[in-house]
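What follows is a short report on a single structure.
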DNA sequence: TCATCAATTAGACGTTCATCGAATTATCGA
DNA sequence: TCGATAATTCGATGAACGTCTAATTGATGA
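Chains as they are written, first to last, in our numbering: chain A, 705 to 806; chain B, 705 to 806.
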């Protein structure tokens, strides 16, 4: 039992560690995640299509990669989709890198 | 001017950020780096060939990738090559991720 | 209901990548 | 000097990836 009120810490599998590293290795995805993390509110899909010079299909592909890696969560809002950065997963990734490679 | 005696902090270019992420995305390279980081002493090339089920050419390729990313430094010792983990670069990478995406 | 718009999926294309065997370079000991 | 050993480089191959266009799904408002 950990401290009451503390957010559950995330445990990452080897597979997820690879997925995260791969997700961060593409500059478009990195910028997308950076933007998502900078606002801590919902960010609609179309907002990002305006920022990054990519076609909808490509953006969709990248968002899926980020979601599969666990770095991003999505919520449907009618016709639209909102995205959120999963900061806990990123933190877990950083902690793991530090403990494995520090 | 920073504190006297403090190691110079490393500034990473966008390009190097990508190279590091990509270097960490391969499981063989990750394990190699992990091994290198666990010993803080020199590790000969042949030591690693014994641990990972890789042919010399492939190991050479991975070490080059890690060196290009800046995560590893090498020193020739006669017929052999010794490798060292560049912990300062890794630390800089973690700091940068935290400040960009935290 | 139907036309419109948001987003995803499917399929294709060119590039990058991990891996290997073979050839090459470099160093050491006999 | 010469054979043996360590490591790198070269060239090839098959898989994975980023990107695009076109087709599809899903939801909204007229």
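By construction, the Cβ of each residue, glycine as well, lies at the ideal position given by its N, Cα and C atoms.
- A Cβ-Cβ distance of about 11 Å is found for the pair residue 770 (chain B) and residue 794 (chain B), leaving them out of contact under the 8 Å criterion.
- If you look at residue 802 (chain A), you'll find it in the alpha helix (DSSP H) that goes 791–805.
- Along the segment 730–769 of chain B, the alpha helix (DSSP H) occurs as fully enclosed runs of 4 or more residues at 731–742 and 749–755, listed in sequence order.
- For residue 803 (chain B) and residue 713 (chain B), the gap between their C-alpha atoms comes out near 15 Å.
- In the DSSP assignment, residue 783 (chain B) falls outside any alpha helix (DSSP H) and carries neither an H nor an E.
- By the neighbour-count criterion, in which a residue is buried when 16 or more other Cβ atoms sit within 10 angstroms of its Cβ, residue 747 (chain B) is buried.
- For residue 763 (chain A), the closest Cβ of chain B is not nearer than 7 Å.
- By the Cβ neighbour-count rule, residue 727 (chain A) is buried, with 16 or more other Cβ atoms within 10 Å of its own.
- With contacts defined by Cβ atoms closer than 7 Å, residue 763 (chain A) and residue 753 (chain A) form a contacting pair.
- Beta-bridge analysis with DSSP links residue 776 (chain B) to B:789.
- Nearest Cα to residue 722 (chain B) within the set A:801, A:734 and A:719: A:734.
- Taking 7 Å as the CB threshold, residue 770 (chain A) stays off the interface with chain B.
- Boundaries of the alpha helix (DSSP H) harbouring residue 720 (chain A): 718–728, taken from the DSSP string.
- At a Cβ-Cβ threshold of 7 Å, residue 729 (chain B) and residue 805 (chain A) do not count as neighbours.
- Under the 10 Å beta carbon count, residue 790 (chain A) is surrounded by 16 or more other beta carbons and is classified as buried.
- Shown here for residue 766 (chain A): same chain residues with a beta carbon closer than 8 Å to its own, the five before and five after excluded, namely 730, 732, 733, 736 and 758 in chain order.
- A residue is called buried once 16 or more other Cβ atoms fall within 10 Å of its Cβ, and residue 781 (chain A), having fewer, is exposed.
- Under a criterion of Cβ atoms nearer than 9 Å, the residues of chain A adjacent to residue 806 (chain B) are, in order, 741, 791, 794, 795 and 798.
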